[in-house]
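Numbered according to my numbering, the sequence shown spans residues 521 to 690. First up is the structure itself, then whatever we jot down about it.
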Amino acid sequence: MSFPWTNLITAGSTLVAALGGASLTAFLSGRADVRRLDHERWMNRRSERTGAYADFLGLAHADVRILRIALFRFAHGVPGDEEARRMIEEASEIVVAFNEARARVEIVGSEEAAEKAWQVSEAAAQVGLRLSDSYLSGRPVESEAGTAEHRDLRRAVEQFAALCRRELTE
């Protein structure tokens with residue numbers, strides 16, 4: 521009786537094919553998982569960025585509106601202490617939320633978005649300083665100066681919004 525070479529070769533080739541197929545499947549499956557995880561990570565980052573930009577932009581628009589109302593009020597005479605205190609309390613709530621939203625933009629946003637958010641913040645601070653100076657000096661805000669600073673603030677917000685649209689459509 522001779523050794524069954526044919527059976528050995530058939531069994532060996534089947535075993536090699538099975539191991540090769542399993543290895544190839546594992547390799548391709550691993551690559552697919554890596555790609556899927558990369559895509560999920562990218563989508564999560566994009567979602568966080570979109571949320572941060574939307575929150576900041578919403579608060580920036582609210583800030584523009586409140587500061588415009590305050591400038592209008594201060595241009596027609598300095599409000600009394602009670603009214604000024606109420607205006608400061610309203611603005612303080614927005615400023616806290618605004619700063620938190622700006623911090624989120626700095627953390628999850630691009631460097632350019634962080635820079636634009638900083639410009640919005642600086643423009644709002646300039647309007648706030650104008651109001652503070654008016655209140656402390658007891659003189660109304662000069663209409664032209666207040667309008668120019670408010671226009672700078674609106675322009676900074678519009679530039680931030682344009683950057684957000686550009687980044688989020690890429």
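In this text, a Cβ means the ideal position worked out from N, Cα and C, and glycines have one as well.
Nearest by alpha-carbon distance to residue i: which of the options is it?
i      : options                           : result
Arg585 : Glu664, Arg556 and Ala611         : Ala611
Glu613 : Gly540, Gly597, Ile627 and Leu579 : Leu579
Glu687 : Val628, Ala665, Leu649 and Val661 : Val628
Ile608 : Gly648, Arg685, Thr530 and His596 : Gly648
Val677 : Asp575, Glu603 and Ala590         : Asp575
Ser630 : Asp601, Arg565, Arg606 and Thr545 : Arg565
Val598 : Leu557, Ala645, Leu656 and Arg551 : Leu656
Glu626 : Gly550, Arg569, Ser533 and Asp558 : Arg569
Please say whether residue j and residue i have beta carbons closer to each other than 8 angstroms?
i      : j      : result
Ala643 : Ala572 : no
Asp672 : Phe618 : no
Leu640 : Phe680 : It is Val, not Leu, that sits at residue 640 in the sequence shown. It is a contact, given that the beta carbons lie within the stated cut-off.
Ala633 : Leu577 : no
Ala595 : Ser663 : yes
So, is residue i buried or exposed, given that buried needs 16 or more other C-beta atoms within 10 angstroms?
i      : result
Glu669 : buried
Gly658 : exposed
Ser654 : buried
Arg675 : exposed
Val661 : buried
Leu651 : buried
Leu591 : buried
Gly758 : Only positions 521 to 690 of the chain appear in the structure, and residue 758 is not among them; the question remains open.
Val554 : exposed
Ala716 : Nothing about residue 716 can be read from this structure; the chain reaches only from 521 to 690.
Leu557 : exposed
Should residue i be counted as a contact of the ligand SAH given a C-beta to heavy atom distance under 7 angstroms?
i      : result
Glu613 : For the structure depicted, the ligand SAH is absent and the ligand set is empty, with no information on it obtainable.
Mind checking which residues open and close the alpha helix (DSSP H) that includes residue i?
i      : result
His670 : Ser663 to Thr689
Arg622 : Asp601 to Val628
Val699 : Outside the displayed span of the chain (521 to 690) sits residue 699, for which this structure offers no information.
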